[in-house]
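Residue numbers (the UniProt record's numbering): 1 to 255.
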């Protein structure tokens, strides 16, 4: 009797498909270890903000630029519906509040984002490019890499986490993300909407995630795949020509 290859099995075709997907993802992301340094000087930018006159003098303007040029701290959030989310939060206790020294300055290795619901958001004391410089963060960096690859956490800037929270989405809402890639905010929306599946009798939500760039849309799919939700539609349509998705009973206050 011949071998049976069930759908989703570990066949040679499945291995080939996964390798092609991984190669595509790597080509879209580029070489993460060989990037050009950031350019943080722009004469026209400086001239524009000086012309606004909201700063008192050169000293204030220099302080303003210094803050703008400071790299954002690396942040991430744990997938709240992950079966072992509480275990990951307990593991983070080993890193929270630990003091390290970077370039002569004391920093906190990690601390919670207290404003993020569920206590699943965290901020590191340094930016993502400096994580590898600190031996004291080696263990945390490996932990983050492991759980990012497994889809248990999402590395995302704190400022990017705010819009989905401000939108105040409920599980039954229908959401349109018009320029969705790379998908961090989309995955936040999908995590909420996906909870509507818990009650078959309730109205189910939906997330329509659109990006006109097919390569960026691939990143979007990769980001949301871990949630494995049937409530996601991905499209690659130009936003200015996106067709109306409002039903005949749509109202201004209805998502």
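Even glycine gets a Cβ: it sits at the ideal position worked out from N, Cα and C.
As the structure is a computational prediction, the values presented were derived from the model and not from experiment.
- Here residue 245 is exposed. Its C-beta has fewer than 16 other C-beta atoms within 10 Å.
- Taken through DSSP and simplified to helix, strand or coil, residue 95 comes out as coil.
- In this structure the region 95 to 102 does not lie against the region 73 to 82, because fewer than three pairs of beta carbons, one per stretch, are closer than 8 Å.
- With respect to residue 100, residue 137 sits close: the two C-beta atoms are nearer than 9 Å.
- Around the beta-carbon of residue 72, fewer than 16 other beta-carbon atoms lie within 10 Å, marking it exposed.
- If the five residues before and after residue 110 are omitted, its C-beta is found closer than 6 Å to the C-beta atoms of 95, 96, 122 and 124, all from its own chain and listed in chain order.
- By DSSP's assignment, residue 154 forms a beta bridge with 77.
- Annotation: the region 129 to 212 contains the following complete segments of the alpha helix (DSSP H) (minimum length 4 residues), in chain order: 138 to 149, 158 to 166 and 184 to 193.
- Of 78, 214, 108 and 176, the smallest CA-CA separation from residue 145 is found for 78.
- For residue 121, the three-state secondary structure derived from DSSP is strand.
- Between the region 201 to 209 and the region 149 to 160 there are fewer than three C-beta pairs closer than 8 Å, too few to call the two in contact.
- For residue 245, DSSP assigns no beta-bridge partner whatsoever.
- Approximately 7 Å separates the beta-carbon atoms of residue 239 and residue 210; this is inside 8 Å, confirming the contact.
- By the neighbour-count criterion, in which a residue is buried when 16 or more other Cβ atoms sit within 10 angstroms of its Cβ, residue 45 is exposed.
- Cα atoms of residue 89 and residue 74: separation of roughly 17 Å, rounded to the nearest angstrom.
- Our two residues, residue 76 and residue 171, have alpha carbons roughly 22 Å apart in a direct line.
- Bounds of any alpha helix (DSSP H) do not take in residue 233; it lies within the beta strand (DSSP E) bounded by 232 to 235.
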